[in-house]
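**Student:** If you read the protein sequences in the order shown, they are chains A and B. Last residue of the first sequence: 393 in the numbering used here, with the numbers rising by one and none dropped. Last residue of the second sequence: 768 in the numbering used here, with the numbers rising by one and none dropped. Backbone N, C-alpha and C define an ideal beta-carbon position, used for all residues, glycine too.
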Amino acid sequence: MRRTAKRTSVVSMLMAIILMMSILAACGNGGNAEPASSASSGTETKTDTANGAAAGPAFPTDIDGLVAYEGDDRKEKLIEAAKKEGNLSLYTSMALEDMEKVAAKFEEMYGIKVQIWRAGSENVLQRIVTEAQAGRFDYDVVETNGPELEALHREQLLIPVKSPYLSDLIPEAITPHGGWTATRLNIFVQAYNTSKLKKEDIPTTWEGLLDPKFKGLIAVEAEDIDWFAGVIKELGEEEGTKFFRDLVATNGISLRKGHTLLTELVASGEVPYALTVYNYKAEQLKNDGAPLDWYAIEPAIARANGVGVAKNPKNPAAAVLFYDFMINEAQAFLAEIDFVPTSNKVDSSLNDMDIRFVDAGIILDEFDKWEALWQEIIMEKK
Amino acid sequence: MLKTTWFGPTTTLEPKPLIDFKWFIIGVTIFIVSYLGIVPLAFLIWQSFSTPQTMTQAAEFTANNYVRAYTDPQTLVLFYNSFIFAAGTSAFSLVLGTLLAWMNERTNTPFKSLFYALAIIPLIIPSILFTVAWIFLASPEIGIFNLALQRLFNTDYVFFNIYSLGGMIWVEGLHYSPMAFLLMTAAFRSMDPSLEESAMMSGASIRHIVFKITMKLAWPALFAAVLIMFVRSIESFEVPALLGMPAGIQVFTSAIYNAIKRYPSDIGLAGSYAVTLLIITSIGVFFQSKISSSGSKYSTMTGKGYRPRAMDLGKWRYLTAGIFIVYFLLIVIIPFLVLVWSSLQRFYSVPSVQAFKTISFENYSYVLQYPSFLRSVSNSVLLSIGSATTIMLLTAVICWIVVKTRIRGRWMLDNIASLPMVFPGIVLGVSIMILYLQFDIGVYGTLWILFIAYLTRFMPYGLRYNTTSMMQIHKELEESAAMSGATWGTTFRRIILPLMKSGFVAGWIYVVIVSIRELSSSILLYSPGSEVISIVIWELWENGQYTKLSALGVMFIIALFILVIGMQLFTKRIGVKES
Numbered sequence: 012m013r014r015t016a017k018r019t020s021v022v023s024m025l026m027a028i029i030l031m032m033s034i035l036a037a038c039g040n041g042g043n044a045e046p047a048s049s050a051s052s053g054t055e056t057k058t059d060t061a062n063g064a065a066a067g068p069a070f071p072t073d074i075d076g077l078v079a080y081e082g083d084d085r086k087e088k089l090i091e092a093a094k095k096e097g098n099l100s101l102y103t104s105m106a107l108e109d110m111e112k113v114a115a116k117f118e119e120m121y122g123i124k125v126q127i128w129r130a131g132s133e134n135v136l137q138r139i140v141t142e143a144q145a146g147r148f149d150y151d152v153v154e155t156n157g158p159e160l161e162a163l164h165r166e167q168l169l170i171p172v173k174s175p176y177l178s179d180l181i182p183e184a185i186t187p188h189g190g191w192t193a194t195r196l197n198i199f200v201q202a203y204n205t206s207k208l209k210k211e212d213i214p215t216t217w218e219g220l221l222d223p224k225f226k227g228l229i230a231v232e233a234e235d236i237d238w239f240a241g242v243i244k245e246l247g248e249e250e251g252t253k254f255f256r257d258l259v260a261t262n263g264i265s266l267r268k269g270h271t272l273l274t275e276l277v278a279s280g281e282v283p284y285a286l287t288v289y290n291y292k293a294e295q296l297k298n299d300g301a302p303l304d305w306y307a308i309e310p311a312i313a314r315a316n317g318v319g320v321a322k323n324p325k326n327p328a329a330a331v332l333f334y335d336f337m338i339n340e341a342q343a344f345l346a347e348i349d350f351v352p353t354s355n356k357v358d359s360s361l362n363d364m365d366i367r368f369v370d371a372g373i374i375l376d377e378f379d380k381w382e383a384l385w386q387e388i389i390m391e392k393k
Numbered sequence: 190m191l192k193t194t195w196f197g198p199t200t201t202l203e204p205k206p207l208i209d210f211k212w213f214i215i216g217v218t219i220f221i222v223s224y225l226g227i228v229p230l231a232f233l234i235w236q237s238f239s240t241p242q243t244m245t246q247a248a249e250f251t252a253n254n255y256v257r258a259y260t261d262p263q264t265l266v267l268f269y270n271s272f273i274f275a276a277g278t279s280a281f282s283l284v285l286g287t288l289l290a291w292m293n294e295r296t297n298t299p300f301k302s303l304f305y306a307l308a309i310i311p312l313i314i315p316s317i318l319f320t321v322a323w324i325f326l327a328s329p330e331i332g333i334f335n336l337a338l339q340r341l342f343n344t345d346y347v348f349f350n351i352y353s354l355g356g357m358i359w360v361e362g363l364h365y366s367p368m369a370f371l372l373m374t375a376a377f378r379s380m381d382p383s384l385e386e387s388a389m390m391s392g393a394s395i396r397h398i399v400f401k402i403t404m405k406l407a408w409p410a411l412f413a414a415v416l417i418m419f420v421r422s423i424e425s426f427e428v429p430a431l432l433g434m435p436a437g438i439q440v441f442t443s444a445i446y447n448a449i450k451r452y453p454s455d456i457g458l459a460g461s462y463a464v465t466l467l468i469i470t471s472i473g474v475f476f477q478s479k480i481s482s483s484g485s486k487y488s489t490m491t492g493k494g495y496r497p498r499a500m501d502l503g504k505w506r507y508l509t510a511g512i513f514i515v516y517f518l519l520i521v522i523i524p525f526l527v528l529v530w531s532s533l534q535r536f537y538s539v540p541s542v543q544a545f546k547t548i549s550f551e552n553y554s555y556v557l558q559y560p561s562f563l564r565s566v567s568n569s570v571l572l573s574i575g576s577a578t579t580i581m582l583l584t585a586v587i588c589w590i591v592v593k594t595r596i597r598g599r600w601m602l603d604n605i606a607s608l609p610m611v612f613p614g615i616v617l618g619v620s621i622m623i624l625y626l627q628f629d630i631g632v633y634g635t636l637w638i639l640f641i642a643y644l645t646r647f648m649p650y651g652l653r654y655n656t657t658s659m660m661q662i663h664k665e666l667e668e669s670a671a672m673s674g675a676t677w678g679t680t681f682r683r684i685i686l687p688l689m690k691s692g693f694v695a696g697w698i699y700v701v702i703v704s705i706r707e708l709s710s711s712i713l714l715y716s717p718g719s720e721v722i723s724i725v726i727w728e729l730w731e732n733g734q735y736t737k738l739s740a741l742g743v744m745f746i747i748a749l750f751i752l753v754i755g756m757q758l759f760t761k762r763i764g765v766k767e768s
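Given below as structure tokens:
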């Protein structure tokens, strides 16, 4: 009798939990429909403003109207509306220290408080997509790597902005769909330790790396598949693949996880020659007095980072204003803190370098192919 | 086998009124633990049968994830590498941790009073820092050990190569040895030495006593230590990524990581890999439950008074003292000094007179002024202490049910509470995120969601620590308390918890440390305002501010070191008097 009582207690507990789980699962299914419903509520607001616009030349307050507005008073009206909103939520993968500085500029200029959430680019994407699937839109603007922005565009979570400042940018910075826009470039450069290798020994062509004197000296970051694809495309697919196979066979390539670690390891002498470090990090360490120098085997491969406005922002005017700010006012400041901006108006030390851009769309489409090749040649050294 | 125990004699602790306080507590605990354990489990299994979901393409049912995961010949290689790595790591850290714990608790080795807190230092150091410190110590190119020995013997010979399976096992094993140390210390501390003493009286040698008596009595703890260290090292990411990758050694976690990192994120594939870990853990928990259902075989804490007494090692104690000192210098002090050294520099360089001139404390002031640093510290302290305390109390009840009662299906309870151990942190993060987004009770975006994640993630460890201690307490103590009219609540509070103290405290310290370090689910779940310290660590690491990270690491170690010593002093005053 007593035993039965106990048995039922555990069993019924578990039953209750299973029941709850199934309810939750049901909620989950229901929740998936939500983005669609919030999209339809978006159209409702649009009709509202359309009615408002019919009454007089009012400045739009919803996101669809704002991104399309091209009147002469765009800027002042935008500032006015954004100030009313007062806040901005930004998801970013830029180093927090740098983003804090950029945000401080924005706050100083327009008096709008920027709330920053920072994580790695893949986590930025993951968080936005997961939140959106549950119908939650906490981000107004997102600033991250190109491929992740492209993925967000494909998830229909970004909206193109008709900004007058787009014409100041280099043509490669503008995506055909306009869902996001490149604001800065990470350029893959080659770095070497100056106490282990002499400047005159450094090769200026990819083939030069096949010299046996580099045996055991070369390292690459473990996930630079887009760089790998870029170099192979530049050399021609057959020749490029052959080059990497030969390089692995003659001199070997060691893999390191993380670009900054790789740069630090060049500075410490652990890695005498690195194929893929970011120009700004190498420059920083060099300026700090580390025994390291960098250069680029041209054309250098560049990965774009950019900015995009959320489809359903809570602070639409502030979001559009920040987008404008990133492609306009912030550009010179980005150059000041060692980034490579995409504006034609800002002079960069890398202006005369021959650069090829990684196409974020192609990287997403062809990822499986390049990953398999990378795995085969670089990781498993076949 | 189990069936017989289901119908075995019931405990003497029976409910008197209809709804008893005891059943209330037990019910609530079972509910919370099952909820925490089953939610991610259901998510993982559901995902492992789904295709990735995007805006344009809904998730569909598929078994393809399993086909892809387990028919790829590469998977076999990954499994093999992971297995060797995990077996080596758990064996190495078990031997090391047990030896240190035995010397510390069971012998009269000099200086041991200082030891407890010092032995935990490797665990406190964030694993990225610990691994990088070992690169600087034992890499063939710039390792200080290699450079020193090469200069000494005037040769080019490479003495140590950290980029090898051996190197990986060494670093990971050292890093995990405090986990074994804490668990074994707890076991030794609440072990009645009378059996050992009688053996000694009868003229048994120390070796004989150790292997025939001490280790046999500590078997549940040894088994628990192997189980959690094996699973943890299969899951570990930093050491394989930083040391294995340059040597071309790929492991299981890299497959999981690659599956999640891509777009659309292939959580299903990652989940189907993790199912293997699920099975391994379930088997482990099943065997442990067989140990615990073997009755009072391991309980030495009976109604008789005892005091744990140190064994006199005679002149051998100088040897054990020597082992202590070498361990300290090699494992604790030198990596710590490497951290201190790099925290005083602008970028890492091999120690030299020239580099010595550039020393500064800039990095420390940088870290202290870091945006949201103070808020992160207070959030982390709150979360880690809160989750450690909650976990230890919850799992104390759970393991009481598992070890001391004959409730049907208690093995399942043990298993459910143990399974979160195998979820890759990021999968756990995503599952918790989805749950509280869909089921909006206002925890999303607050500290509470991190609290729930930490509870889930570290509950299994708390459970193992508590179970080990619980098995040592003989039932007769509860029985006599009940005979004397004590309620269940009183017995639990005044008898069981104080007797479990050593395991409880060890587990508490462990959970505090690992939850301060937790990153993979925190990074998805934190929001502006609920930043935690591991995010700052990650941030500094990502930005390559290695020397600043070292400064943070040094402060981290000192603070936790003080916390552990404080905890030691505090617990000496409560609970059973030991001498």
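What does Asp-304 (chain A) pair with, by DSSP beta-bridge criteria?
**Tutor:** The residue you call residue 304 (chain A) lines up with position 293 of the first sequence. Bridge partners of Asp-304 (chain A): A:Tyr-203.
**Student:** Can you give the beta carbon distance from Val-586 (chain B) to Ile-227 (chain B), rounded, assuming they're within the 8 Å contact cut?
**Tutor:** In the second sequence, residue 586 (chain B) corresponds to position 397, counting from 1. In the second sequence, residue 227 (chain B) corresponds to position 38, counting from 1. About 18 Å; that fails the 8 Å criterion.
**Student:** Have a look at Leu-303 (chain A) and Leu-296 (chain A) and give me their C-alpha separation to the nearest angstrom.
**Tutor:** Working through the first sequence from its first residue, we reach residue 303 (chain A) at position 292. Working through the first sequence from its first residue, we reach residue 296 (chain A) at position 285. If you take the alpha carbons of Leu-303 (chain A) and Leu-296 (chain A), they lie about 7 Å apart.
**Student:** Please state the DSSP three-state secondary structure of Ile-127 (chain A).
**Tutor:** Translated into positions along the first sequence, residue 127 (chain A) becomes position 116. Reduced to three states, the DSSP call for Ile-127 (chain A) is strand.
**Student:** Under 8 Å, with one C-beta from each stretch per pair, do the stretch 318-332 of chain B and the stretch 281-293 of chain A reach the 3-pair mark?
**Tutor:** yes
**Student:** Between the Cα of Ala-240 (chain A) and the Cα atoms of A:Asp-75, A:Glu-377, A:Arg-85 and A:Ala-143, which residue gives the shortest distance?
**Tutor:** In the first sequence, the residue the question calls residue 240 (chain A) occupies position 229. Comparing Cα positions, the closest option is A:Glu-377.
**Student:** Mapping the DSSP letters down to three states, classify Gly-433 (chain B) as helix, strand or coil.
**Tutor:** Here residue 433 (chain B) corresponds to residue number 244 of the second sequence, with the count starting at 1. Note: Gly-433 (chain B) maps to helix in three-state DSSP.
**Student:** Let me check one thing: in DSSP terms, what residues is Arg-267 (chain A) bridge-paired to?
**Tutor:** Residue 267 (chain A) sits at position 256 when you count from the first residue of the first sequence. Partner(s): A:Glu-232.
**Student:** Would you please state the rounded distance, in angstroms, between the beta carbons of Ile-348 (chain A) and Leu-286 (chain A)? I believe it to be under 8 Å.
**Tutor:** If you number the first sequence from 1, residue 348 (chain A) lands on position 337. If you number the first sequence from 1, residue 286 (chain A) lands on position 275. Not really, about 25 Å apart at Cβ, beyond 8 Å.
**Student:** Could you please give me the residues that DSSP links to Pro-155 (chain A) through a beta bridge?
**Tutor:** Within the first sequence, numbered from 1, the residue matching residue 155 (chain A) stands at position 144. According to the sequence displayed, residue 155 (chain A) carries Thr and not Pro. Partner(s): A:Gly-317.
**Student:** In chain order, what residues of the same chain lie with their CB nearer than 8 Å to the CB of Pro-152 (chain B), ignoring the 5 residues before and after it?
**Tutor:** The structure shown has nothing for residue 152 (chain B), since chain B only spans 190 to 768.
**Student:** Using only the alpha-carbon positions, how far apart do Met-120 (chain A) and Phe-745 (chain B) sit?
**Tutor:** The count along the first sequence starts at 1 and reaches residue 120 (chain A) at position 109. The count along the second sequence starts at 1 and reaches residue 745 (chain B) at position 556. Spanning the two alpha carbons is a distance of roughly 38 Å.
**Student:** Need the endpoints of the alpha helix (DSSP H) that Ile-407 (chain B) sits in, please.
**Tutor:** In the second sequence, counting from the first residue as 1, residue 407 (chain B) sits at position 218. Sequence check: residue 407 (chain B) is Ala here, not Ile. Premise fails: Ala-407 (chain B) is in no alpha helix (DSSP H) and is neither H nor E.
**Student:** If you follow the beta strand (DSSP E) that Phe-368 (chain A) is in, where does it begin and where does it stop?
**Tutor:** Start at 1 with the first residue of the first sequence, and residue 368 (chain A) comes out as number 357. It spans 366-368 - the beta strand (DSSP E) in which Phe-368 (chain A) sits, taken as one unbroken run.
**Student:** Report, in whole angstroms, the separation of the C-beta atoms of Lys-618 (chain B) and Ser-709 (chain B), which I expect to be a contact under 8 Å.
**Tutor:** Here the question's residue 618 (chain B) lines up with position 429 in the second sequence. Here the question's residue 709 (chain B) lines up with position 520 in the second sequence. Per the sequence shown, residue 618 (chain B) should be read as Gly rather than Lys. At roughly 6 Å, the Cβ-Cβ gap stays under 8 Å, so Gly-618 (chain B) and Ser-709 (chain B) are in contact.
**Student:** Please name the residue, chosen from B:Ser-673, B:Leu-688 and B:Gly-674, that lies closest to Ile-662 (chain B) on a Cα-to-Cα basis.
**Tutor:** Position 473 of the second sequence, counting from 1, holds the residue named residue 662 (chain B). The candidate whose alpha carbon is nearest that of Ile-662 (chain B) is B:Leu-688.
**Student:** Which residues of chain B have a Cβ atom closer than 9 Å to the Cβ of Gly-280 (chain A), listed in chain order?
**Tutor:** Translated into positions along the first sequence, residue 280 (chain A) becomes position 269. The contacting residues are Glu-330, Ile-331, Ser-538 and Val-539.
**Student:** As an exercise, report each continuous alpha helix (DSSP H) stretch of at least 4 residues that is fully enclosed by the stretch 581-668 of chain B, in chain order.
**Tutor:** 599-607, 614-627 and 636-659
**Student:** Closer than 7 Å by C-beta to Ala-544 (chain B): which residues in its own chain qualify, once you throw out the five before and the five after it? Chain order, please.
**Tutor:** Counting from one through the second sequence, the residue named residue 544 (chain B) turns up at place 355. Around Ala-544 (chain B): Gln-534 and Ser-538.
**Student:** Determine, using beta carbons only, whether Trp-128 (chain A) comes closer than 8 Å to chain B.
**Tutor:** On the first sequence, position 117 is the one that residue 128 (chain A) refers to. It does: the Cβ of Trp-128 (chain A) has a partner Cβ on chain B nearer than 8 Å.
**Student:** What's the C-alpha gap between Trp-505 (chain B) and Asn-297 (chain B)?
**Tutor:** Taking the first residue of the second sequence as position 1, residue 505 (chain B) is located at position 316. Taking the first residue of the second sequence as position 1, residue 297 (chain B) is located at position 108. Inter-residue distance for Trp-505 (chain B) and Asn-297 (chain B) is about 10 Å (C-alpha atoms, whole angstroms).
**Student:** Alpha carbons only, please: which of B:Glu-665, B:Tyr-699 and B:Gly-674 is nearest the one belonging to Ile-685 (chain B)?
**Tutor:** Counting from 1 along the second sequence, the entry for residue 685 (chain B) is found at position 496. Considering only alpha carbons, the answer is B:Glu-665.
**Student:** Is the CB of Gly-392 (chain B) under 8 Å away from at least one CB in chain A?
**Tutor:** Position 203 of the second sequence, counted from the first residue, corresponds to residue 392 (chain B). With 8 Å as the cut-off, Gly-392 (chain B) does not count as an interface residue toward chain A.
**Student:** So the candidates are A:Glu-387, A:Pro-171 and A:Glu-161; which of them puts its Cα closest to the Cα of Gly-76 (chain A)?
**Tutor:** To locate residue 76 (chain A), count along the first sequence from 1; it is residue 65. Across the set A:Glu-387, A:Pro-171 and A:Glu-161, the C-alpha of A:Pro-171 shows the shortest separation from the C-alpha of Gly-76 (chain A).
**Student:** Please list, in chain order, all residues of the same chain as Leu-375 (chain A) whose beta carbon is under 7 Å from its beta carbon, the five residues on each side excluded.
**Tutor:** Locating residue 375 (chain A) in the first sequence gives position 364, where the first residue counts as 1. Closer than 7 Å at the Cβ level, and outside the excluded window around Leu-375 (chain A), lie Pro-158, Glu-161 and Ala-162.
**Student:** Does the separation of the CB atoms of Leu-332 (chain A) and Ile-90 (chain A) fall below 8 Å?
**Tutor:** Position 321 of the first sequence, counted from the first residue, corresponds to residue 332 (chain A). Position 79 of the first sequence, counted from the first residue, corresponds to residue 90 (chain A). Cβ atoms of Leu-332 (chain A) and Ile-90 (chain A): closer than 8 Å.
**Student:** Just to confirm the assignment, what range does the alpha helix (DSSP H) spanning Tyr-699 (chain B) have?
**Tutor:** In the second sequence, counting from the first residue as 1, residue 699 (chain B) sits at position 510. Note, Tyr-699 (chain B): alpha helix (DSSP H), 690-706.
**Student:** Could one say the Cβ of Ser-51 (chain A) lies closer than 8 Å to chain B's Cβ atoms, at least one of them?
**Tutor:** Here residue 51 (chain A) refers to the residue found at position 40 when the first sequence is read from its first residue. Caution is warranted here: a pLDDT of 39 is assigned to Ser-51 (chain A), below 50, making its placement in the model unreliable, and the coordinate value is therefore given only provisionally. Taking Cβ atoms only, chain B never reaches closer than 8 Å to Ser-51 (chain A), which makes this a no.
**Student:** Inspect the CB distances between the stretch 358-367 of chain B and the stretch 284-298 of chain B and report whether three or more fall short of 8 Å.
**Tutor:** yes
**Student:** Roughly how far, in whole angstroms, is the beta-carbon of Ile-389 (chain A) from the beta-carbon of Phe-255 (chain A), given that I think they are within contact range, below 8 Å?
**Tutor:** Taking the first residue of the first sequence as position 1, residue 389 (chain A) is located at position 378. Taking the first residue of the first sequence as position 1, residue 255 (chain A) is located at position 244. With a Cβ gap of about 7 Å, Ile-389 (chain A) and Phe-255 (chain A) count as contacting.
**Student:** Going by the DSSP bridge assignment, what does Ala-193 (chain A) pair with across the sheet?
**Tutor:** Working through the first sequence from its first residue, we reach residue 193 (chain A) at position 182. Answer is A:Gly-317.
**Student:** My parser needs the beta strand (DSSP E) runs of 3 or more residues fully inside the stretch 347-381 of chain B; what are they?
**Tutor:** none
**Student:** Rank A:Leu-136, A:Ser-206 and A:Ala-260 by C-alpha distance to the C-alpha of Gln-167 (chain A) and give the top, closest one.
**Tutor:** Along the first sequence, one-based indexing puts residue 167 (chain A) at 156. Considering only alpha carbons, the answer is A:Leu-136.
**Student:** Closest Cβ-Cβ distance between Leu-716 (chain B) and chain A: below 8 Å?
**Tutor:** Numbered from its first residue, the second sequence carries residue 716 (chain B) at position 527. It should be noted that the sequence gives Ser, not Leu, for residue 716 (chain B). Using a CB distance cut-off of 8 Å, Ser-716 (chain B) counts as an interface residue toward chain A.
**Student:** Give me the DSSP bridge partner(s) of Tyr-462 (chain B).
**Tutor:** Position 273 of the second sequence, counted from the start, is the residue given in the question as residue 462 (chain B). Its beta-bridge partners do not exist; DSSP assigns none.
**Student:** Could you compute how far the alpha carbon of Tyr-102 (chain A) sits from the alpha carbon of Asn-568 (chain B)?
**Tutor:** Within the first sequence, numbered from 1, the residue matching residue 102 (chain A) stands at position 91. Within the second sequence, numbered from 1, the residue matching residue 568 (chain B) stands at position 379. Distance between the alpha carbons of Tyr-102 (chain A) and Asn-568 (chain B) is about 21 Å.
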